[in-house]
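A quick write-up on the structure given underneath.
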RNA sequence: GGCGGCGUAGCCAAGCGGUAAGGCGACGGCCUGCAAAGCCGUGAAUCCGGGGUUCGAAUCCCCGCGCCGCCUCCA
């Protein structure tokens, strides 16, 4: 079992071969902690979380680093605006992000280093670059000299001459070439600063990733990931700095994911079309959000809409309803399965694990894996809802399949592993809270209606049904109980 | 303008040379006190358009059309 993955460096899907198996080193660009995270940040975290899970599943020893940028212009501006210390600001949003990711079932990376805690490592790399003639000091700033690194542009497919034609030139710049980028910026009054050989100042944005990946993962790392929008200039610059300093290849596989769009346009702070992670977590079960994020191939854009995520919610509800009925099923008789009627289930289960895994191994095709998952789950649903006279062996079969399905999905995709009763309890309570109803209140109404129906008091039963329906509470009657969910 | 990507049923979305997964929804019949649910059944002569390669193309090539991303901070 080998993973194939699209490598932005070669622009093709390649078989993944780590440098020093079974060790795999992976570095992912995390957030800049100046504001709340939105769905785009969640997508990034969830996609690389699935990759991380898959690599571990394959038996690799993965060292996974996801950094926190806690020093840059946006942070300084925001902190000044709010009149608080930049540390207070970044602490707040770092904590918030970490809590949200945990709720989304994102596994903790091995390290989550902060830029501000690695200033000396950055200075060290900058000094090496200066010594090698790849960087220069200019009035307290330090710049990387793009012309001195012949491979500059190899990741983003750009050539220096071409880039120069469209570039904006700021006459106040201290750069020799407008494409040079800052490694170190001298401090302006009121800004946080650190001591350096070039005076008080702070690091440029890109250098932190070079420094921290070098420190935690070594000179050449296996995987480096981030959003497509980071290819240029961020990752291009990282390559220049890292390879310039070490003389070794920086990254073996660059992995970039597509961005979240809204009505076809990129979700971003500046357009104001973003939904925060906390809003979504309030409104939807974390597993629903995860499933939504994984429902499209990771390299494609994913369009967010309430309608889209609602549809996924329905799919996940049905999945957990399947689990629920299987869990509640009691045998009506001892004995073997009816070969004929359980055939569909057996056939769907045949090769399920292989197909599911192969999908993920083929460039992380989570959408296809989910297709197989829902397909099998659909068969289970169909079976459990159609027949009420299940045999002990049939139930055993269903339980075995369920166990495997939950294990695979939960371990690799990070959803589908919950206990169904627990799942619906959380969902009902959260949604009822919005309606201002208590769980007990609704349960009682449903019980009353169940009794009324038995007594053929249809008038009362229907009145309760209508009342609940108006609240968005849907009922499904069975002989034993009334199953319900809130829309 | 340069670079990258996308266009598959009503909507979302897999498929990447061998004859269209999956989800959401819609419709008809059965069932049901009625409804929901369930059951049975119905969906793409066809994958933006036009050429070409091939025994065979949604899948490869060329030319259009439309949309998006990056080229400035951005997951």
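In UniProt numbering, the protein residues as written are 1 to 487.
By construction, the Cβ of each residue, glycine as well, lies at the ideal position given by its N, Cα and C atoms.
- Task: Pull up the distance between the alpha-carbon of residue 1 and that of residue 411, whole angstroms please.
- Result: 17 Å
- Task: Excluding the 5 residues preceding and the 5 following residue 505 in the sequence, name in chain order all residues of the same chain whose CB lies nearer than 7 Å to its CB.
- Result: Given a span of 1 to 487 for the chain in the structure shown, any question on residue 505 remains unanswerable.
- Query: Where do the N-terminal and C-terminal ends of the alpha helix (DSSP H) with residue 458 fall, by residue?
  - Reply: 458 to 470
- Task: Return the residue from the list 470, 180, 269 and 305 that minimises the CA-CA distance to residue 236.
- Result: 180
- Item | beta strand (DSSP E) segment containing residue 474, residue limits | 473 to 477
- Message: Can you determine whether any heavy atom of the ligand GDP sits closer than 7 Å to the C-beta of residue 64, and answer yes or no?
- Response: Annotation note on the ligand GDP: not contained in the displayed structure, which lists no ligands.
- Would you kindly report the start and end of the unbroken alpha helix (DSSP H) that includes residue 115? First-last for residue 115: undefined, no H or E at that position.
- What is the DSSP secondary structure of residue 135, counted as helix, strand or coil? strand
- Query: What are the partner residues of residue 187, as DSSP defines its beta bridges?
  - Reply: According to DSSP, which records beta bridges pairwise, residue 187 is partnered with nothing at all.
- Own chain, CB closer than 7 Å to residue 58, minus 5 neighbours either side, in chain order: 1 and 3
- Item | Close-in-space but distant-in-sequence residues of the same chain around residue 232 (CB under 6 Å, 5 per side omitted) | So the qualifying residues of the chain are 156.
- Can you name the start and end residues of the alpha helix (DSSP H) that residue 39 belongs to? 39 to 57
- Task: Tell me, please, which residues DSSP counts as bridged to residue 15.
- Result: Secondary-structure assignment with DSSP links residue 15 through a beta bridge to 4.
- Coil, strand or helix - residue 389 by DSSP: coil
- Query: Which runs of the alpha helix (DSSP H) fall wholly inside the region 226 to 263 and span at least 4 residues, in chain order?
  - Reply: 236 to 246
- Item | As assigned by DSSP and simplified to three states, the class of residue 201 | strand
- Message: Pull the bridge partners of residue 26 from the DSSP assignment, please.
- Response: 64 and 223
- Task: Quickly, what does DSSP pair residue 283 with across the bridge? List them, please.
- Result: The partner list for residue 283 (beta bridge, DSSP) is empty, contrary to what the question assumes.
- Mind checking which residues open and close the beta strand (DSSP E) that includes residue 484? 482 to 486
- Item | Environment of residue 478 [buried if 16+ CB atoms lie within 10 Å] | Residue 478 should be labelled exposed.
- Coarse secondary structure for residue 423, derived from DSSP in three states: helix
- Endpoints, the beta strand (DSSP E) within which residue 357 is located: Element bounds for residue 357: not the beta strand (DSSP E) but the alpha helix (DSSP H), 352 to 361.
- Who does residue 20 pair with in a DSSP beta bridge? 23
- Message: Let me make sure I understand the geometry here. Which of 243, 438, 468 and 208 has the alpha-carbon closest to that of residue 252?
- Response: 243
- Where the alpha helix (DSSP H) through residue 91 begins and ends: Start and end: 86 to 103.
- Expressed to the nearest angstrom, what Euclidean distance is found between the alpha-carbon atoms of residue 89 and residue 71? 10 Å
- Item | Burial state of residue 202, where buried means 16 or more other Cβ atoms lie within 10 Å | Residue 202 is buried by the Cβ-count criterion.
- Message: Strictly by DSSP, which residues pair up with residue 452?
- Response: DSSP lists no partner for residue 452.
- Would you call the region 220 to 231 and the region 85 to 100 in contact, with 3 or more CB pairs under 8 Å? no
- In terms of residues, what are the limits of the alpha helix (DSSP H) holding residue 35? Residue 35 -> no alpha helix (DSSP H), and no H or E assigned at all.
- Message: Once DSSP output is grouped into helix, strand and coil, what is the label at residue 73?
- Response: helix
- Are residue 112 and residue 67 touching if we call contact CB-CB under 8 Å? Cβ atoms of residue 112 and residue 67: closer than 8 Å.
- Query: If you draw a straight line from the alpha carbon of residue 245 to that of residue 64, how long is it in whole angstroms?
  - Reply: 22 Å
- Sequence-distant residues of the same chain with beta carbon closer than 6 Å to residue 33, five excluded per side: 68, 70, 90, 93 and 94
- Item | Length of the line joining the Cα atoms of residue 462 and residue 430 | When rounded, the distance between both Cα atoms is 25 Å.
- Three-state class that DSSP yields for residue 193 in the structure shown: coil
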